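S.K.:
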Amino acid sequence: MSVSGACLFHALQAPIGSVHERAFDLQNPSQEVILFELSRGGILELIAEDELGEVYAAPIWIELALVDPRDSSSAALEFQSGHRRLRSESGKFRAPPVAIGQRWSFSAEPVDGSRDRATIEIEGPGREGDVVEARLRLGAARPMLRARLLDAQGSPLREQEVGTQLVEAGRDFGHQRLMTDAEGHVGRSLPAASMRAGEIEIWFATPMKAPRWMVAQRLPTPLAPGPIDLGDIACEEVPLGIAGQVVDGKGAPLSQARIHLSLRSETANGMRVPWTQQVTDEAGRFALRVPTYGTRLGIDVSCPSYLSVDLEGLKRAAPESLDLRVVLRRSGAIAGRVLLDSPEMAPSVSIQLVPQGQPSSSGISRRPGKDGRFEITPVPPGLYELAFGGHAPRVEELRGERSYEMPRLFVLRDLRVPEDGGSCGDARLESIDLRGLLAQRRMLVLQPDGVALASTRVCVAVRSLDGALRSIVCETNAHGATAWSGERGATEATLTVKRFRSVRVDPNVEEQTVRLQDGWLVAIELEGAAPPLPEGCELRAWLRFERTPDLWLRSVESYPLHLGPLRDGRTEFRVPELTSYRAGWLIWDQRAREPASAEVEPRASDRIEVRDLDTVQAVTLVADPAAVQAALRTLGRR
1 MSVSGACLFH ALQAPIGSVH ERAFDLQNPS QEVILFELSR GGILELIAED
51 ELGEVYAAPI WIELALVDPR DSSSAALEFQ SGHRRLRSES GKFRAPPVAI
101 GQRWSFSAEP VDGSRDRATI EIEGPGREGD VVEARLRLGA ARPMLRARLL
151 DAQGSPLREQ EVGTQLVEAG RDFGHQRLMT DAEGHVGRSL PAASMRAGEI
201 EIWFATPMKA PRWMVAQRLP TPLAPGPIDL GDIACEEVPL GIAGQVVDGK
251 GAPLSQARIH LSLRSETANG MRVPWTQQVT DEAGRFALRV PTYGTRLGID
301 VSCPSYLSVD LEGLKRAAPE SLDLRVVLRR SGAIAGRVLL DSPEMAPSVS
351 IQLVPQGQPS SSGISRRPGK DGRFEITPVP PGLYELAFGG HAPRVEELRG
401 ERSYEMPRLF VLRDLRVPED GGSCGDARLE SIDLRGLLAQ RRMLVLQPDG
451 VALASTRVCV AVRSLDGALR SIVCETNAHG ATAWSGERGA TEATLTVKRF
501 RSVRVDPNVE EQTVRLQDGW LVAIELEGAA PPLPEGCELR AWLRFERTPD
551 LWLRSVESYP LHLGPLRDGR TEFRVPELTS YRAGWLIWDQ RAREPASAEV
601 EPRASDRIEV RDLDTVQAVT LVADPAAVQA ALRTLGRR
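Right under this line is the structure:
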C-alpha cells in the first residue's frame with residue numbers, strides 16, 4: 001500500500017463515546033495491518049412524554065451528550081453523526097450503540113417549538129448489549145401563533161420568507177426566520193416570558209432581508225399557552241426610501257457592490273431590520289425600501305478591491321436620498337514574507353499594520369502562513385509602519401482591562417500605498433528577517449501516572465522582557481508533546497492545565513518534560529436538603545479565585561473557574577493553586593433553547609482557603625428559600 005497524501009482516514013463503526021486511537025507516521029508509513037478491537041456497546045432509548053405521561057407523538061429535536069465525570073461543568077462529547085441535533089418523528093428515539101459505563105445527557109424539544117426544552121441525565125448501559133430506557137417529560141406548553149399574511153390587494157403571500165419579531169415596550173424577544181405555506185399561513189411559538197407581558201405586538205416582514213411587505217399586530221393579552229389564531233393579516237407595502245448609483249474614481253459603474261442598510265427608529269416598538277441589503281445591478285444602481293418609522297438611516301457600501309464607504313444621517317425618501325452617487329476608491333495592499341528559524345513559529349508571529357504616527361490600537365493585525373508569506377488588504381492610500389512581534393496578549397487584555405498590545409520585536413517604517421490603490425512595492429517586504437528574535441520551546445506533558453497527556457489544551461503564562469505577563473495557548477498532540485514560541489530571555493513561566501496543579505517551567509530551555517500533579521480536591525456541600533425546583537431547573541455550584549494569581553491565565557477556563565451540578569447536595573473540583581476561593585450557587589434552567597442561569601450573591605463566609613493537604617477540603621453553602629425564589633423570578637420561573 002502506498003501513501004502519497006498528508007492524511008490517512010479509516011472509517012470505523014464504534015460505540016459513541018468510546019475512544020480508539022493510533023498514532024501514524026505518514027512520512028514513513030508502516031506496512032503493519034492496523035487492527036481495532038471494538039465492543040458492541042449498549043443501547044439508549046428515549047421516550048418523550050407530555051404532562052399526562054403519554055408519548056408525545058409528534059416530531060422532536062434530540063441532543064445526546066456524554067457527561068464527563070471529571071468535569072461536571074459541561075458535556076464532554078456532543079453526539080456527532082453529521083448533525084448536532086437529531087430528529088424523531090414519533091417522540092421515540094433509539095440511539096446507535098454507545099460506550100458502556102458512562103453517564104449520558106438527553107435533551108429534547110418539539111420541532112414546532114410548542115413546548116419548552118427538557119433535559120435528563122441517566123446512567124448508561126453497564127454491559128455490552130444492555131438497553132437503558134429514559135423517559136423525558138417535555139417542558140411546559142408555549143403560546144403558538146398562527147396567521148395568514150396577505151398583500152395590500154388581499155392576495156396571500158405564498159411560500160415567502162418571513163422575519164418575525166416580538167416586541168413589548170422596547171423589549172425585544174428576538175427574531176425568527178419562518179416560511180409561509182402555499183396558502184400564506186405562518187406559525188410561530190412564543191417564549192414563556194411573553195405570557196407575563198402587558199402590551200405586546202408581533203411584526204411580520206417579508207422578504208426578511210429586504211422587506212417589501214410589513215405589518216405590526218397587537219396580541220390579545222394576557223397570552224395563554226396553546227394555539228392563538230390571528231386570522232388574516234393584511235400587510236402594508238414598504239415604500240422606496242434610498243436609491244442611487246455606485247461608481248469608481250473614474251465614474252465607471254460598479255456592479256455587484258453590496259449595499260447594507262442600517263435603520264433605527266425613535267419609537268420603542270419599531271421593528272429593527274438590521275439585515276436589509278442589496279447588490280448593485282450592471283449599471284451600478286440600487287434601490288432600497290425603507291419602513292416609514294425609520295428616522296435614522298445609514299448605508300455601508302462595499303465592493304471587492306475597493307475601500308468601503310459609510311453614509312450616515314440619510315433622510316428616508318428625501319430627494320437627495322433617492323439620487324445618491326457613491327464613489328469608491330481602489331484599495332491597496334501590503335504583502336511580504338518573513339524569515340523565521342522554523343516554519344512552526346509562524347502561528348506565534350503577529351504582524352500589525354499601523355498608519356505612521358498613529359497609536360497601535362488603530363492598526364490591522366495578521367499572521368503569516370507556514371511559508372512566511374502574508375498580505376494585508378484592503379488598505380487605504382497613505383504612509384504606514386509594519387510591526388512584528390510574538391502573538392501573546394497580556395493577561396490584562398484577556399480580562400478586558402486594556403486593548404491588545406503585542407511586544408514589538410522589529411518595525412518597518414515609511415511603507416507607502418499608492419493613491420490609486422494597488423500593492424506597496426517596497427523591496428524590504430520581500431525578505432523580513434526575524435530569525436533569532438523568537439525562541440521555539442518544546443515540551444512533553446505527562447500525567448501523574450507518567451502517561452502522556454494527549455490532545456489537551458494547555459496554557460503557558462510568560463513574564464516577558466518588558467515585565468508584562470503574556471499568555472500562550474497551545475495543544476498537546478497524541479504523544480503529549482507541544483511547542484510554543486516567545487521572546488528570548490523571558491524571566492519566568494507557568495504551565496496551567498485544567499484539573500491539575502499549576503507548574504513553574506523554565507521559559508529559556510529548548511526542550512523539557514513536565515510531569516503534572518492532580519489539583520487539590522475541594523468539595524462544595526449543601527447544608528440541609530436541596531430546595532424544590534421547577535422541572536428543568538437544577539442547582540449548580542461555582543468556585544472561583546478570590547484574587548487571580550499573577551502567573552495564572554484566565555484564558556485556560558471559562559468564567560467562573562469551576563461550575564458543576566450539586567448532585568445529592570455535593571460536587572467536587574480539582575483546583576490549581578493554593579489560595580483563597582469564593583464559592584456560591586446558581587439555578588440553571590435547561591428548558592430554553594440556550595440554557596440560562598440566575599446567580600445569587602454569595603455570603604462573606606462562602607470562601608475557602610485551600611491548603612497543601614492530601615484530603616478533601618470542603619466548603620458548605622446554604623440555599624436560602626428566599627434567595628431561591630428570587631433567582632427563579634429572575635429566570636421567569638415560579
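Numbered per the working numbering, the sequence shown spans residues 1 to 638.
By construction, the Cβ of each residue, glycine as well, lies at the ideal position given by its N, Cα and C atoms.
Every value quoted in this text rests on a predicted model; they were computed, and no experiment measured them.
#1: Going by beta carbon distance, what residues of the same chain come within less than 8 angstroms of Pro-110, once the five residues before and after it are set aside?
#2: Taking the alpha carbon of Thr-548 as the reference point, which residue from Thr-292, Val-575, Asp-414 and Leu-526 has its own alpha carbon closest?
#3: Hey, is the stretch 305-323 in contact with the stretch 351-360, meaning 3+ C-beta pairs nearer than 8 angstroms?
#4: Which residues mark the beginning and the end of the beta strand (DSSP E) in which Ala-671 is found?
#5: Kindly identify the DSSP beta-bridge partner or partners of Ile-644.
#6: Using a beta-carbon distance below 8 angstroms, is Gln-447 in contact with chain C?
#7: Please classify Ala-193: does DSSP put it in a helix, a strand, or coil?
#8: Considering only the beta carbon of each residue, do Val-641 and Gly-249 sit closer than 8 angstroms?
#9: For Ala-640, which residues from the same chain have a beta carbon less than 6 angstroms from its beta carbon, with the 5 sequence-adjacent residues on both sides left out?
#10: Skipping 5 residues on each side, what residues in its chain have a beta carbon closer than 8 angstroms to that of Arg-603?
#11: Please determine, among Gln-629, Arg-329, Val-473 and Arg-416, the residue with the shortest C-alpha to C-alpha distance to Ala-427.
#12: I'd like the ranges of any beta strand (DSSP E) spanning at least 3 consecutive residues and lying wholly in the stretch 289-326.
#13: What residues are listed by DSSP as bridge partners for Ile-259?
#14: With DSSP as the reference, identify every bridge partner of Ala-147, one or two as the case may be.
#15: What are the start and end residues of the beta strand (DSSP E) that includes Pro-407?
#16: With distances taken Cα to Cα, identify the nearest neighbour of Gly-53 among Ser-39, Arg-85, Ala-140 and Lys-498.
#17: Taking Leu-632 and Ala-583 to be in contact with their CB atoms under 8 angstroms, please state how far apart those CB atoms are, rounded to whole angstroms.
#18: Around the C-beta of Met-626, are 16 or more other C-beta atoms found within 10 angstroms, so that it is buried, or is it exposed?
#19: DSSP state of Pro-368, grouped into three classes?
#20: Taking the beta carbon of Gly-284 as the centre, do at least 16 other beta carbons fall within 10 Å, making it buried, or is it exposed?
#21: Give me, in chain order, the residues of the same chain whose beta-carbon lies closer than 6 angstroms to that of Val-462; leave out the 5 immediate sequence neighbours on both sides.
#22: Three or more beta-carbon pairs under 8 angstroms between the stretch 110-124 and the stretch 86-100, yes or no?
#23: Let me know if Glu-133 comes out buried or exposed under the rule of 16 or more other beta-carbons within 10 Å of its beta-carbon.
#24: Please state whether the Cβ-Cβ distance between Leu-263 and Leu-297 is less than 8 angstroms.
#25: Give every residue of the same chain whose Cβ lies closer than 8 angstroms to the Cβ of Glu-128, excluding the five residues on either side of it in the sequence, and list them in chain order.
#26: Is it right to say Thr-295 is buried, meaning 16 or more other beta carbons lie within 10 angstroms of its own, or is it exposed?
#27: Look at the Cβ atom of Lys-92, then the Cβ atom of Ile-120, and state whether they are nearer than 8 angstroms.
#28: For Met-443, which beta-bridge partners are listed by DSSP?
#29: With respect to the beta strand (DSSP E) encompassing Gln-165, which residues constitute its N-terminal and C-terminal limits?
#30: Rounded to the nearest angstrom, what separates Pro-381 and Gly-421 at their Cα positions?
#31: Helix, strand or coil for Ser-580, going by three-state DSSP, please let me know.
#32: Would you call Val-619 buried or exposed, if buried means 16 or more other Cβ atoms sit within 10 Å of its Cβ?
#33: Is it true that the stretch 153-161 meets the stretch 187-203, where meeting means three or more beta-carbon pairs spaced less than 8 angstroms apart?
#34: DSSP three-state call for Ala-529: helix, strand or coil?
#35: If you draw a straight line from the alpha carbon of Gln-245 to that of Ala-216, how long is it in whole angstroms?
#36: Comparing alpha-carbon positions, which option in Ala-205, Leu-288 and Arg-196 lies nearest Leu-178?
M.R.: Taking the coordinates as given:
#1: Cβ neighbours of Pro-110 within its own chain (closer than 8 angstroms, five residues either side excluded): Tyr-56, Ala-58, Pro-59, Ile-60, Trp-61 and Leu-138.
#2: Relative to the Cα of Thr-548, the nearest Cα in the group Thr-292, Val-575, Asp-414 and Leu-526 belongs to Val-575.
#3: no
#4: Residue 671 cannot be examined here, being either before or after the span of the chain that is shown, 1 to 638.
#5: This structure cannot speak to residue 644, because the chain is shown only from 1 to 638.
#6: Of the protein chains in the structure, only one exists, and it is not chain C.
#7: It is helical.
#8: Since the first and last residues shown for the chain are 1 and 638, residue 641 lies out of range.
#9: Absent from the structure is residue 640, since the part of the chain shown begins at 1 and ends at 638.
#10: Val-622
#11: Arg-416
#12: 294-302 and 309-314
#13: Gln-278 and Val-301
#14: Val-186 and Gly-231
#15: Looking at the DSSP string, Pro-407 is not in any beta strand (DSSP E), and its letter there is neither H nor E.
#16: Closest by alpha carbon: Ala-140.
#17: Actually they do not touch by this definition, with Cβ atoms about 21 angstroms apart.
#18: In the sequence as presented, Met is not what sits at residue 626; that position holds Ala. The residue in question, Ala-626, is exposed, as its Cβ has fewer than 16 Cβ neighbours within 10 Å.
#19: Judged by DSSP in its simplified three-state form, Pro-368 adopts coil rather than helix or strand.
#20: buried
#21: If we look at Val-462 and ignore the five residues flanking it on each side, its Cβ neighbours are Arg-470, Gly-486, Ala-490, Ala-493 and Pro-507.
#22: yes
#23: exposed
#24: yes
#25: Ser-39, Arg-40, Gly-41, Gly-42 and Ile-100
#26: exposed
#27: Contact: no.
#28: Partner(s): Thr-482 and Gln-512.
#29: 161-168
#30: 6 angstroms
#31: strand
#32: buried
#33: Segments in contact, no.
#34: Residue state, collapsed to three classes: coil.
#35: 32 angstroms
#36: If we check each option's Cα against that of Leu-178, Ala-205 comes out closest.
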